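Residue numbers (my numbering), protein chains in the order written: chain F, 184 to 482; chain A, 184 to 482.
Glycine included, every Cβ here is placed at the ideal spot set by N, Cα and C.
Values in this document were obtained by computation on a predicted structure and should not be read as measured data.
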DNA sequence: AGAGGTTACGGGCAGCGTAAGGATC
DNA sequence: GATCCTTACGCTGCCCGTAACCTCT
């Protein structure tokens, strides 16, 4: 039978260019994937995949099938969404999230998705934005909420919300003035996200431009960054918006400075060629929530 | 899973308005159909069919699903046809055929279809055209080659070929003249197809118009008609084109008459709402063969 | 040797068919 | 009671997962 399972399996093999990868994505074993593809090729009487080399590649017929299969799978989802009630939307959406979002409105998103589609499972992966971008490109994620702009070819994106970045200090660090200069701040080490992230680069540029030397610690984990700020090791460079959810009240505070960092601009992004309807719906809900979230941030 | 099997089952239940009928059509049992539908309704979380009354009917959601499911099933066939090689076309086409066709070019059609689609099975049902029409309407046949014109709402059709009808006599019946009058013919009983068929009606009208009384035997079986002509019981009113395949050479001959019957116009016809791709292909081949068949008939 | 796809084989479960149960005319 | 769909139940066969095998770098 040319059924949806075979087609979906083929889609994943084609997109990931790997039997193993597809097996993992489909929560099954690699031989099972092998079998389904073999069965499909047998049924259609044509070779769909070339497995000569280290890389799996599509034959001409395979590319043809890819287009048809994508349409069919998409239309099945659309059928389920149109005909079924909300609980009919099933499956797993792999959602990549930047850590800042986790500490602001991600819980709200999850709740809203759960309400709208009770049988839809969301697999959340927290990572820094460049990794999320890579994982979108390698079809390892269906959707991501990350720092933009997302310029990559092969990814689509829509703006979500914007968070100002500020300097955040713990209780042990105190300044006399109300508005602090860059020089004063640079007395302490600064702590922010990994070297390949946008905030790290922006921060380094900021200090280089003003000729002030600053020591910058980088950590991929926001928890670490916050811990270091709380312990007085340094000043965190993060969106102040997350202070209230990530630490006890009063333990951290935003510092008013003369200089300003470019804000975090968040986007929802997904692979251009491969948007499942479920992922699309989650994206729509994210956009809606972010729209509302924008206001409180303007205060 | 909302898979093709469930959808196809639903399509047949919807079209035949019967679980039993669908089960028969799908070569399975009625409980199996019941189960698949129940599973589909369960999966989508909506009621698709109303089984209150004696008649199964579609709910609003059911009608919605019908449209989507038809498109999906059709696109799957199209996928198989586009991507697969010819041997990939599988399934059964229920073909209704008028008896005249059986004795002219049906074997050629079967052969051609077998060549083009070796895995396609054809289930041939021979019957008189009005029955074929009914069975098309009740979705009991996928395609029919029958006497037209096919005016029914709900059926599409395309012209195939035209066979003149003539008076055919066996060896025992002899006339002196070369061209025989209606009166001379009416000395013998006439034998043709059943009362509700076009030739029977045309024949009766022909004699009523000319004020000649004729005794007309009717039989649904062409073999019987021919037998009666061979035995000299009467004169058969059939397309002379089938003489050479249905009896030994010289045993039957066409009689030249002054009057003329309207010719048999054959059409290929199928349910407007429910054309499977396989049936469509068989129809196309039939049209092609009939086109070639037309020439020899002009002699 | 290790990464990745294929082949071999035993076992579990979805879905089937038979048969009994209900509803409606 | 006849017809048609649903429910119950035992069984079969498909497909899966484990594991061994093959091939290429």
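Contact between the stretch 455-469 of chain A and the stretch 276-289 of chain A is present: 3 or more CB-CB pairs across the two stretches fall below 8 Å. At least one beta carbon of chain A lies nearer than 7 Å to the beta carbon of residue 258/F. If only uninterrupted alpha helix (DSSP H) runs of at least 4 residues are considered, those enclosed by the stretch 285-316 of chain F are 289-299. Per the coordinates, the alpha-carbon of residue 260/F lies some 25 Å from the alpha-carbon of residue 450/F. Each residue's CA atom was taken as its position, placing residue 271/F and residue 318/A some 37 Å apart. Put simply, the backbone Cα of residue 299/A is about 12 Å away from that of residue 264/A. 438/F is the residue among 430/F, 438/F, 406/F whose C-alpha sits nearest the C-alpha of residue 349/F. If you check each beta-carbon in the stretch 256-289 of chain F against every beta-carbon of chain A, the ones closer than 7 Å belong to 258, 259, 262, 263, 265, 266, 267, 268, 270, 271. It is roughly 36 Å from the alpha-carbon of residue 405/F to the alpha-carbon of residue 194/F.
In this structure the stretch 392-406 of chain F does not touch the stretch 326-341 of chain F; the number of beta carbon pairs closer than 8 Å is below three.
As computed with DSSP, residue 399/F is found in a beta bridge with 373/F. Here DSSP, grouped into helix, strand and coil, assigns residue 187/A to helix.
275/F is the residue among 275/F, 190/F, 321/F, 191/F whose C-alpha sits nearest the C-alpha of residue 303/F.
Straight-line measurement puts the Cα of residue 337/A at about 10 Å from the Cα of residue 316/A.
Residues are counted here when their Cβ sits less than 7 Å from a Cβ of chain F; for the stretch 290-322 of chain A the count is zero. Contacts with chain F at 7 Å (Cβ-Cβ) do not include residue 459/A.
Distance from the Cα of residue 218/A is smallest, within the candidate group 310/A, 189/A, 335/A, 465/A, for 189/A.
Taking C-beta atoms as the reference points, residue 453/F and residue 326/F count as a pair closer than 7 Å. Boundaries of the alpha helix (DSSP H) harbouring residue 217/A: 213-227, taken from the DSSP string.
Residue 306/A and residue 390/A have their C-alpha atoms spaced approximately 38 Å apart.
A distance below 8 Å between beta-carbons, with the five flanking residues on each side excluded, links residue 201/F to the following residues of its chain, in chain order: 239.
Straight through space, the alpha carbons of residue 365/F and residue 355/F are spaced by roughly 19 Å. With a 10 Å radius around the Cβ and a threshold of 16 neighbouring Cβ atoms, residue 372/F comes out exposed. For residue 260/A, the enclosing alpha helix (DSSP H) has its first and last residue at 243-266.
When Cβ-Cβ separations below 7 Å define contact, residue 247/F makes contact with chain A.
Residue 227/A belongs to the set of residues whose beta carbon lies under 7 Å from a beta carbon in chain F.
Interface residue (Cβ-Cβ distance to chain A less than 7 Å): residue 210/F is not classified as such. The C-beta of residue 339/A comes no closer than 7 Å to any C-beta of chain F.
For the stretch 405-436 of chain A, no residue has a beta-carbon sitting nearer than 8 Å to a beta-carbon of chain F. For residue 365/A, the enclosing alpha helix (DSSP H) covers residues 365-368. In this structure, residue 313/A sits near residue 379/A, with a CB-CB distance shorter than 7 Å. In terms of CA proximity to residue 340/F, 455/F leads the group 215/F, 455/F, 208/F.
What residue 193/F touches in chain A, judged by beta-carbon distance under 9 Å, is nothing: the nearest beta carbon there is about 11 Å away. By the C-beta density criterion, residue 357/A is exposed, having fewer than 16 other C-beta atoms within 10 angstroms. In the three-state reduction of the DSSP assignment, residue 380/F falls in the coil class, being assigned neither a helical nor a strand state.
Separation of residue 411/F and residue 293/F (C-alpha to C-alpha, rounded to the nearest whole angstrom) is 29 Å.
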